[in-house]
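Colleague: I have a structure here, written as structure tokens, and I will follow up with some questions on it.
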Amino acid sequence: MKSFSPLYWFFKFFGNLLFKLYFRFEKSGSENIPAQGPVIIVPNHASFIDPLLIAAAINRKVGYVIIDMFYYKPLIHWFAGLTYCIPVSEEMTGPGGIKSAIKYLRNGNVLCIFPEGGRSRDGKLMEPKSGTGLLAIITGVPVVPTAIKGTFESYPAHYLFPRPKKIKVIFGEPLKFVLEDGRSKKQQGEEITKVIMERIAQMLKKD
């Protein structure tokens with residue numbers, strides 16, 4: 076398994092400092108992230124800086140699932156070189172696919188998945204892909220729904236540079252799901268992904 080770059084902690088430290096100074100970055104619910112053991116972080120996605128914020132907000136190394144069509148874009152590929160990224164298709168069936176994600180979690184790691192599969196162009200939640208729920212029921216790993224607020228207002232897809240808007244990351248209470256015998260895994264995955272997205276939507280509405 077590919078290891079994290081030694082530069083990961085360097086950029087994590089200075090990124091955290093920059094976010095606090097420029098964006099007045101805040102986080103809450105950190106107690107919902109276990110100090111050890113596997114966990115799946117599931118945030119909404121409205122800006123290019125969202126993965127960086129997740130890395131800055133969690134005091135553990137964070138790996139990412141990334142859509143393969145984006146993996147080789149220059150800046151994203153550079154970031155992928157610092158951390159651990161698993162390139163997959165939109166339904167998590169690409170190179171390595173769900174098997175790599177399962178292996179990564181079974182080694183006790185933190186894995187971040189953006190279930191919408193890409194950045195929202197209007198700041199609203201998009202229709203999720205089912206791979207997140209599928210991974211949750213296959214592994215039985217706790218899922219932490221996560222709300223990222225302010226990044227769309229600061230740095231939407233059509234902006235060249237981010238504006239100094241306040242940004243907050245909120246980690247919700249962990250959810251656990253069990254695979255039900257006799258039912259389609261795909262159907263269960265879709266249902267669970269919707270449950271997670273509903274929780275994120277509720278968190279985004281709160282002040």
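Going letter by letter, the sequence shown gives residues 76 to 282 in the working numbering. The beta-carbon is built from N, C-alpha and C at its ideal position, and this holds for glycine as well. The structure displayed is predicted, hence computed values, not measured ones.
Tell me where the beta strand (DSSP E) around V117 begins and ends.
Modeller: Counting from one through the sequence shown, the residue named residue 117 turns up at place 42. Counting along the chain, the beta strand (DSSP E) containing V117 begins and ends at V114 to P118.
Colleague: Would you be able to state if there are at least three C-beta pairs under 8 Å between the segment 133–142 and the segment 178–187?
Modeller: yes
Colleague: In terms of residues, what are the limits of the alpha helix (DSSP H) holding T226?
Modeller: Counted from its first residue, the sequence shown places residue 226 at position 151. Segment T226 to S229, the alpha helix (DSSP H) holding T226.
Colleague: In terms of DSSP beta bridges, what is E101 paired with?
Modeller: Residue mapping note: residue 101 aligns to position 26 of the sequence shown, counting from 1. Looking at the DSSP assignment, E101 forms a beta bridge with K243.
Colleague: Which runs of the beta strand (DSSP E) at least 3 residues long sit entirely within the segment 187–236? Give them in chain order.
Modeller: 218–224
Colleague: Around the Cβ of V253, are there at least 16 other Cβ atoms within 10 angstroms (buried) or fewer (exposed)?
Modeller: Taking the sequence shown and counting its residues from 1, the one referred to as residue 253 is at position 178. With fewer than 16 Cβ atoms within 10 Å of its Cβ, V253 is classed as exposed.
Colleague: What does a CB cutoff of less than 6 Å around C160 pick up in its chain, not counting 5 residues either side in sequence?
Modeller: Along the sequence shown, read from residue 1 onward, the residue named residue 160 stands at position 85. Taken in chain order, the residues that qualify are Y139 and I141.
Colleague: Report the three-state DSSP secondary structure of Y83 (helix, strand or coil).
Modeller: As a working mapping, residue 83 is identified with position 8 in the sequence shown. Residue state, collapsed to three classes: helix.
Colleague: Are the segment 210–226 and the segment 261–268 touching, with three or more C-beta to C-beta distances below 8 Å?
Modeller: yes
Colleague: Hey, would you say P220 sits closer than 9 Å to K269, going by beta carbons?
Modeller: Along the sequence shown, one-based indexing puts residue 220 at 145. Along the sequence shown, one-based indexing puts residue 269 at 194. No, they are not a contact pair.
Colleague: Taking buried to mean at least 16 other C-beta atoms within 10 Å of its own C-beta, is N119 buried or exposed?
Modeller: In the sequence shown, the residue the question calls residue 119 occupies position 44. Classification of N119: buried, given that the 10 Å Cβ count is 16 or more.
Colleague: Drop a sphere of 10 angstroms on the beta-carbon of F236, count the other beta-carbons inside from all chains shown, and report buried for 16 or more, exposed for fewer.
Modeller: The residue given as residue 236 occupies position 161 in the sequence shown. Label assigned to F236: exposed.
Colleague: If you measure between the beta carbons of S103 and F246, is that distance less than 9 Å?
Modeller: Numbered from its first residue, the sequence shown carries residue 103 at position 28. Numbered from its first residue, the sequence shown carries residue 246 at position 171. Contact: yes.
Colleague: Counting only the same chain and skipping the five closest in sequence on each side, list residues whose C-beta sits under 8 Å from that of G183.
Modeller: Along the sequence shown, read from residue 1 onward, the residue named residue 183 stands at position 108. Excluding sequence neighbours, G183 sits near Q111, G112 and P113.
Colleague: What residues are listed by DSSP as bridge partners for L250?
Modeller: Position 175 of the sequence shown holds residue 250. Bridge pairing for L250: V218 [DSSP].
Colleague: If you reduce the DSSP assignment to three classes, tell me which class I320 lands in.
Modeller: With the chain covering only 76 through 282, there is no way to say anything about residue 320.
Colleague: According to DSSP, what are the bridge partners of Y139?
Modeller: The sequence position of residue 139 within the sequence shown is 64, counting from 1. DSSP, once it has assigned bridges, lists C160 and C187 as partnering Y139.
Colleague: Would V244 and L128 qualify as a contact pair, given that the criterion is a beta-carbon distance under 9 Å?
Modeller: Mapped onto the sequence shown, residue 244 falls at position 169. Mapped onto the sequence shown, residue 128 falls at position 53. In contact: V244 and L128 (Cβ atoms closer than 9 Å).
Colleague: Measuring only the C-alpha atoms, how far is P170 from A155?
Modeller: Within the sequence shown, residue 170 is the residue found at index 95, counting from 1. Within the sequence shown, residue 155 is the residue found at index 80, counting from 1. Legend: pLDDT at P170 = 47, less than 50; position of this residue unreliable, value from coordinates given subsequently. About 15 Å.
Colleague: What are the start and end residues of the alpha helix (DSSP H) that includes R274?
Modeller: Along the sequence shown, one-based indexing puts residue 274 at 199. Residues K260 to K280.
Colleague: If contacts are defined as beta-carbon pairs under 8 Å, then N107 and P249 qualify, I think. What distance do you get, rounded to the angstrom?
Modeller: Reading the sequence shown from its first residue, position 32 is the one you call residue 107. Reading the sequence shown from its first residue, position 174 is the one you call residue 249. With 8 Å as the limit, N107 and P249 qualify as a contact, their Cβ atoms being about 6 Å apart.
Colleague: Alpha carbon to alpha carbon, how far is S195 from K95? Give it in angstroms, no decimals.
Modeller: As a position in the sequence shown, residue 95 is number 20, starting the count at 1. As a position in the sequence shown, residue 195 is number 120, starting the count at 1. Straight-line Cα distance between these residues: approximately 24 Å.
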